[in-house]
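Visitor: Going by UniProt numbering, the sequence shown opens with residue 1, and the numbers climb by one from there. No residue lacks a Cβ here, since even glycine has one placed at the ideal position from N, Cα and C.
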Amino acid sequence: MPRLQPRSIARELALLAQSQLRLKSDKLDRQSLEQLVSTSIRALIGEVQESLEVAAAEVQRAQDRLLTSATRTTTVEGAKAMTAEAIALTQAAINRLGSALELPQFVQMAERDEVRQYALTLLSAIGNYREAIDERISAALVDWQLHRLARIDRDLLRLAVAEMVYLGVPVRVAIDEAVELGKRYSDENGYRFVNGVLRRASDRLKTEQKADVAPHAPTDSADESKVG
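1) Using the Cα positions of Val37 and Pro6, report the straight-line distance between them to the nearest angstrom.
2) Give me the Cβ distance between Leu181 and Glu12, rounded to the nearest whole Å; I'm assuming they're in contact under 8 Å.
3) Would DSSP call Leu36 helix, strand or coil?
4) From Ser40, Leu167, Ile41, Lys183, pick the residue whose C-alpha is nearest to that of Asn128; which is it?
5) What does the Cβ neighbour count give for Glu163, buried or exposed, with the cut at 16 atoms within 10 Å?
6) Please report how far the alpha carbon of Ala201 lies from the alpha carbon of Asn195, in whole angstroms.
7) Taking the straight line between their C-alpha atoms, what separation do you get for Val161 and Val171?
8) Pick from Ala10, Lys210, Ala211: whose alpha carbon is nearest that of Met109?
9) Looking only at its own chain, which residues have a Cβ that is under 8 Å from the Cβ of Ile41, when we skip the five neighbours before and after it?
10) For the putative contact between Ile152 and Gly190, defined by C-beta atoms under 8 Å, what is the C-beta separation to the nearest angstrom?
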C-alpha cells in the first residue's frame, strides 16, 4: 500500500503523535492536536537527517572493509568475507537512502490540509473514545493484557479500532493500513500480532453489526393486537 497516499500519511502522523497523548482526560482541543501533529512532522524531518548520517557511516565502513581485504588479508577466504561484509553494508546504506529520499515528499504532503485534518480526526477519536477502544482491544487479546503490550503495537491497535468503529473505515482497509505501519515501526512478531488481534476484533464487530440489523421476534402484545 503506497505510503504517500494522503490518508496513509495521516495515519502515520497520528501513530507518531499518539505517544504524546497521555490520559483520556487530556484536553483534546484543536490547538493541542495541531501541536502534536507538528511535533510528529518535526520528528520525521529528524529521521531524514539520521538516515543520511547512518547511511554515510555504512558506506565508510564498507570502504574500510574493501581496503582491508585488498591490503591486509592473506587468504582468499578472508578477502571474500570482508568483501561480502562490504556489500552488505553498501546494500544497507542504499536501503536507508531510499527511505530518506522518500521522506521529504512525505513531509511536504503532511503539510496538506486534508492530511492534517484526517490526522486530527484520528487523534480526536482515539482520545475521546479511548476507554471503549481499549475494551474492544482487550476483548480480542488472547493471553495478553493491553498495558503489557509494546507501546507501538498498542498504538497501532487503537488507531485501527478507532477507524473501524468510529470513522466508518472498511475493516480490511483499517487492518491492512495498521499492518503496513507495523512493518515500518514494529518488528515481524509485532505486526503479525497486531494483524491477529485486529482480525478477532473485526469478527466481534461484525457479529455486533449483524445482531443490530437482525429482525426481532414479535412481542406478545403485538401478536395479540393482530389477533384482535
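Guide: Looking at the coordinates:
1) Taking the sequence shown and counting its residues from 1, the one referred to as residue 37 is at position 37. Taking the sequence shown and counting its residues from 1, the one referred to as residue 6 is at position 6. Each residue's alpha carbon lies about 14 Å from the other.
2) As a first step, residue 181 must be located in the sequence shown, where it is residue number 181. As a first step, residue 12 must be located in the sequence shown, where it is residue number 12. Sure, about 6 Å apart at Cβ, within 8 Å.
3) Taking the first residue of the sequence shown as position 1, residue 36 is located at position 36. Note: Leu36 maps to helix in three-state DSSP.
4) Within the sequence shown, the letter at position 128 stands for residue 128. The candidate whose alpha carbon is nearest that of Asn128 is Leu167.
5) Walking along the sequence shown from the start, residue 163 turns up at place 163. Flag for Glu163 reads buried.
6) For this step, residue 201 is matched to residue 201 along the sequence shown. For this step, residue 195 is matched to residue 195 along the sequence shown. Taking the straight line joining both Cα atoms gives about 10 Å.
7) Looking up residue 161 in the sequence shown gives position 161. Looking up residue 171 in the sequence shown gives position 171. Taking the straight line from one Cα to the other gives about 9 Å.
8) Locating residue 109 in the sequence shown gives position 109, counting from the first residue. Of Ala10, Lys210, Ala211, the residue nearest in Cα terms is Ala10.
9) Taking the first residue of the sequence shown as position 1, residue 41 is located at position 41. Hits under 8 Å: Leu13, Val107, Ala110, Glu111.
10) Indexing the sequence shown from 1 puts residue 152 at position 152. Indexing the sequence shown from 1 puts residue 190 at position 190. Their Cβ separation, rounded to whole angstroms, is 7 Å, which keeps Ile152 and Gly190 in contact under 8 Å.
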